[in-house]
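Engineer: Here the protein sequences come in this chain order: A and B. Mapping of the first sequence onto this note's numbering: residues 1 to 330, in sequence order. Mapping of the second sequence onto this note's numbering: residues 1 to 263, in sequence order. Every residue, glycine too, gets a C-beta built ideally from N, C-alpha and C.
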Amino acid sequence: MGKFKNNINCIAIAAFTVIFAVLSLLGVVKASTANLLEDIAIKIILAVSLSLVVGFLGELSLGHAGFMCVGAYLGGKMSVILVEPLGNGFLTLIVSLLVGALCAAACGFLIGLPALRLRGDYLAITTLAFGEIVKTIFMNTSKESFGGPEGLTDTPRFDKNYFYIVCFVMVLVTLFVIQNLIRSKHGRALKAIRDNEIAARATGINITNYKLLGFVISAAFAGIAGVLFSFTKTNFSSQMFDYNYSIEILVIVVLGGMGSINGSIIAAVLVTFLNRYLANILTGNLAVLKDLIYALVLIAIVIYNNAPAFADFREKHNARKLIEKVKGGS
Amino acid sequence: MAEKIFDADGNEIILKTDHLCIQFGGLKAVNDVNLEIKKGELYGLIGPNGAGKTTVFNILTGVYKPTSGRVYLSGEDITGKSPMDVNKKGIARTFQNIRLFSNLTVLENVMVGLSNQIPCSVFESVFRLPRHKKSEKEYTERAHELLKVFGLDEFADYLASNLPYGKQRKLEIARAMATNPTLLLLDEPAAGMNPNETQELMDDITFIRKNFGITILLIEHDMKLVSGICEKLTVLNFGTELAKGNTSDVLADAEVVRAYLGE
């Protein structure tokens with residue numbers, strides 16, 4: 001029972017994927033829905049991996065899009081190179097994913113090093129700068145290497161209607177690794193560092209190793225998200241991996257609640273859906289309202305989550321209480 | 001392995017500091033402190049506020065590097081080692097202002113303390129290999145045992161921050177004990193406790209000392225506790241040693257009384 005409860009999110013996502021896979025085979029899933037699902041899966045991977053650093057290690061990172069960018073470009077480039085000899089199949093995908101993850105992990109290691117000395121705001125600024133530097137580097141590459149301002153073009157893409165299944169499989173891999181890590185002595189060590197670094201040090205925790213571990217794993221999965229992203233687009237430019245994108249991922253983590261993986265998943269789904277929905281209904285002149293309404297909704301959610309009056313309200317009227325009442329009554 | 005040090009009577013010396021000094025700018029916070037603590041001893045470090053007691057603890061545990069002087073643990077020079085390494089060598093400590101892992105449960109706090117004792121790599125944990133399961137089981141069992149010693153077992157699933165103050169202090173000691181130290185440093189363990197809690201704490205300290213065979217060095221202002229359980233004392237004043245020796249002799253010393261109460 002405990003095991004089932006621990007993995008309920010994986011089971012739910014697996015079930016969800018299977019249902020949609022069947023619907024796809026029956027031809028009921030629209031291309032736009034498939035595309036939305038790809039987006040959602042990528043956002044979940046990004047949010048869960050960022051949550052490891054922000055929610056569990058307790059370091060504010062504003063450069064998550066930078067790691068994703070590294071993964072997208074290097075994994076994407078790899079797939080362009082490999083698609084000739086290996087064909088547009090799983091082998092290309094897997095090698096690209098590995099390359100993207102490893103390159104992003106290496107960047108994570110580099111960012112983890114200053115994280116050992118910098119604290120709070122200063123580390124946040126460093127990671128912010130890292131994201132912008134990565135973006136600018138890819139912007140200034142030659143047309144033959146990474147496409148420069150035009151971005152990477154001609155990345156192979158899988159069947160539009162089924163690629164989201166691959167994305168969700170990667171979500172499961174992410175959850176498997178990160179959740180198992182968190183629910184082990186290593187996860188306890190990460191949380192101990194977050195709660196009280198001085199005490200963790202005095203308790204014999206190797207702060208250096210664990211901080212690097214957190215950053216490397218988080219970056220590796222952001223890299224994977226980037227590779228998946230490159231497979232959903234035939235071309236993309238580094239312009240989109242700016243700090244706004246990093247902040248959006250951070251917003252998801254904060255909305256979901258620091259240190260809550262399930263919260264991050266739910267928030268990733270909601271935020272991606274909200275973004276897409278607003279973009280769909282607010283067309284033409286109304287498009288300017290999109291960011292405004294998006295921001296208002298976020299503010300409303302944060303207030304709902306944290307205001308004491310609302311907390312009391314939820315405490316009084318939640319589903320568990322209702323069930324108890326019904327049981328008590330019968 | 002370094003040579004162990006023995007005193008004239010053949011007793012093993014666990015902790016020895018040799019002319020320990022630390023200077024912050026023009027301030028000599030600790031000046032020529034020579035401690036010699038025998039194995040199994042319960043040693044007190046007392047002195048008025050600002051005398052440099054916590055600074056001595058911070059030097060012993062590697063938080064500060066001394067300006068001059070050496071620290072020896074069981075004969076091994078541990079001067080300037082990092083807090084993590086000092087802990088691995090066998091010194092555990094508690095803090096004057098409680099430093100728990102407040103968002104972890106009481107049980108998890110102790111489990112963090114145990115983590116260096118049963119090896120299990122990240123790879124083994126992620127893929128849930130047998131050693132992970134075995135070590136987790138052992139962590140849980142041993143953590144429960146330690147909590148029982150301190151009467152905290154019934155609070156195992158509470159968040160550490162939700163414990164009452166006195167129990168938080170005890171949990172800090174339990175967490176320190178989990179790292180399997182040879183020397184335990186307690187920084188004002190009875191601060192903020194009521195007389196009942198202090199009495200309980202004294203019993204606990206006596207108990208762990210007897211049952212775990214460890215040496216304890218403690219800083220304390222509560223004279224009832226100090227005179228009740230400490231065998232030897234060093235009194236610090238303005239960073240220098242004012243007096244040291246057996247508890248009753250030291251507390252009767254006119255200099256000590258003057259430092260505490262004034263002329």
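#1: Contact check, Val70(A) vs Cys103(A) under 8 Å by CB: the rounded distance?
#2: In this structure, does DSSP put His317(A) in helix, strand or coil?
#3: Figure out for me which residue from Asn280(A), Glu59(A), Gly147(A) has the closest Cα to the Cα of Leu361(A).
#4: Tell me whether Ala307(A) counts as near the ligand COA, meaning its Cβ is closer than 8 Å to at least one heavy atom of that ligand.
#5: Residues of the region 189 to 211 of chain A with a CB closer than 8 Å to any CB of chain B: list them in chain order, please.
#6: If we ignore side chains and look at the alpha-carbon of each, how far apart do Lys53(B) and Ile219(B) end up?
#7: Taking Cβ positions only, does Lys185(A) come closer than 9 Å to chain B?
#8: Check the C-beta distance from Val257(B) over to Leu242(B) and give it rounded, since I have them as a contact under 8 Å.
#9: Round the Cβ separation of Ala72(A) and Ser230(A) to the nearest angstrom and send it over; I've been treating them as touching at under 8 Å.
#10: Does DSSP put Thr247(B) in a helix, a strand or coil?
#11: Ile219(B) lies in the beta strand (DSSP E); which residues open and close that run?
#12: Kindly indicate the opening and closing residues of the alpha helix (DSSP H) around Ile111(A).
#13: Going along the region 155 to 188 of chain A in order, which residues come within less than 7 Å of chain B, judged by CB to CB distance?
#14: Check whether the region 34 to 52 of chain B touches the region 86 to 104 of chain B, counting contact only when three or more Cβ pairs, one atom from each stretch, lie closer than 8 Å.
#15: Three Cβ pairs or more, each shorter than 8 Å: is that satisfied between the region 186 to 197 of chain A and the region 31 to 39 of chain A?
#16: Considering Gly40(B), what are the terminal residues of the beta strand (DSSP E) in which it resides?
#17: By the three-class DSSP mapping on this structure, what secondary structure does Gly50(B) have?
#18: Assign Arg119(A) to one of three DSSP states: helix, strand, or coil.
#19: Tell me, which residues are paired with Phe289(B) by DSSP?
#20: At least one CB of chain B closer than 9 Å to the CB of Ala14(A): is that the case?
#21: Got a sec? Which residues, its chain only, sit under 6 Å from Leu213(A) by beta carbon, not counting five neighbours each side?
#22: In the structure shown, what three-state DSSP assignment does Ile205(A) receive?
#23: In the DSSP assignment, find the unbroken beta strand (DSSP E) run with Gln91(B) in it and report its ends.
#24: What separation, rounded to the nearest whole angstrom, lies between the Cα atoms of Gly69(B) and Thr61(B)?
#25: Of all the residues that make up the region 81 to 103 of chain A, which are near chain B by a beta-carbon distance shorter than 8 Å?
#26: Taking only beta-carbon atoms, is Met1(A) less than 9 Å away from chain B?
#27: Note down, in chain order, each residue of its chain lying with its Cβ closer than 6 Å to the Cβ of Lys43(A), except the 5 sequence neighbours on either side.
#28: Measuring CB to CB, does Leu146(B) end up less than 9 Å from Ala178(B)?
#29: When Cβ atoms are compared, which residues of the region 99 to 112 of chain B fall closer than 9 Å to chain A?
#30: What would DSSP say about Arg276(A), mapped onto helix, strand or coil?
#31: Ignoring anything shorter than 4 residues, give me the alpha helix (DSSP H) runs that lie fully in the region 180 to 233 of chain B, in order along the chain.
#32: Tell me whether Asn237(B) sits in a helix, a strand or coil according to DSSP, three-state version.
#33: Looking only at DSSP bridge pairs, what is Gly44(B) linked to?
#34: Rank Asn280(A), Thr153(A), Val18(A) by C-alpha distance to the C-alpha of Leu74(A) and give the top, closest one.
#35: Give me, in chain order, the residues of the same chain whose beta-carbon lies closer than 7 Å to that of Gly40(B); leave out the 5 immediate sequence neighbours on both sides.
#36: Would you give the residue range spanned by the beta strand (DSSP E) that Val60(A) belongs to?
Structural biologist: Looking at the atomic coordinates:
#1: 5 Å
#2: It is coil, neither helix nor strand.
#3: Chain A is shown only over 1 to 330; residue 361(A) falls outside these bounds and no answer can be derived.
#4: Annotation note on the ligand COA: not contained in the displayed structure, which lists no ligands.
#5: Flagged, chain order: Ala189, Lys191, Ala192, Arg194, Asp195, Asn196, Ile198, Ala199, Ala200, Arg201, Ala202, Thr203, Gly204, Ile205, Asn206, Ile207.
#6: 7 Å
#7: yes
#8: Contact doesn't hold; Cβ gap of about 11 Å is too wide.
#9: 4 Å
#10: helix
#11: 215 to 219
#12: 90 to 115
#13: Val177, Asn180, Leu181, Ser184, Lys185, His186, Arg188
#14: no
#15: no
#16: First-last for Gly40(B): undefined, no H or E at that position.
#17: coil
#18: coil
#19: A query on residue 289(B) cannot be resolved here, the shown segment of chain B reaching from 1 to 263 and no further.
#20: no
#21: none
#22: Assigned with DSSP and collapsed to three states, Ile205(A) falls in coil, not helix or strand.
#23: Residue identity differs from the one stated: residue 91(B) is Ile in this sequence, not Gln. Taken as a continuous stretch (DSSP letters only), the beta strand (DSSP E) holding Ile91(B) covers 91 to 93.
#24: 14 Å
#25: none
#26: Note that Met1(A) has pLDDT 41, beneath the 50 cutoff, so the model's placement of it is unreliable and the number below is only indicative. Not closer than 9 Å to any Cβ of chain B, the Cβ of Met1(A) fails to qualify, so no.
#27: Ala268, Thr272
#28: yes
#29: Arg99, Leu100, Phe101, Ser102, Asn103, Leu104, Glu108, Asn109, Met111, Val112
#30: Arg276(A): helix per DSSP, three-state reduction.
#31: 195 to 212, 223 to 229
#32: Under the three-state reduction of DSSP, Asn237(B) is assigned to strand.
#33: Note: Gly44(B) is bridge-paired with Leu218(B), Leu233(B) in the DSSP secondary-structure output.
#34: Minimum Cα-Cα distance from Leu74(A) among the listed residues Asn280(A), Thr153(A), Val18(A) corresponds to Thr153(A).
#35: In chain order, Gly213, Thr215 place their CB closer than 7 Å to the CB of Gly40(B), counting only its own chain and leaving out the 5 sequence neighbours on each side.
#36: What sits at residue 60(A) in the sequence shown is Leu, not Val. From DSSP, Leu60(A) is part of no beta strand (DSSP E); its letter is neither H nor E.
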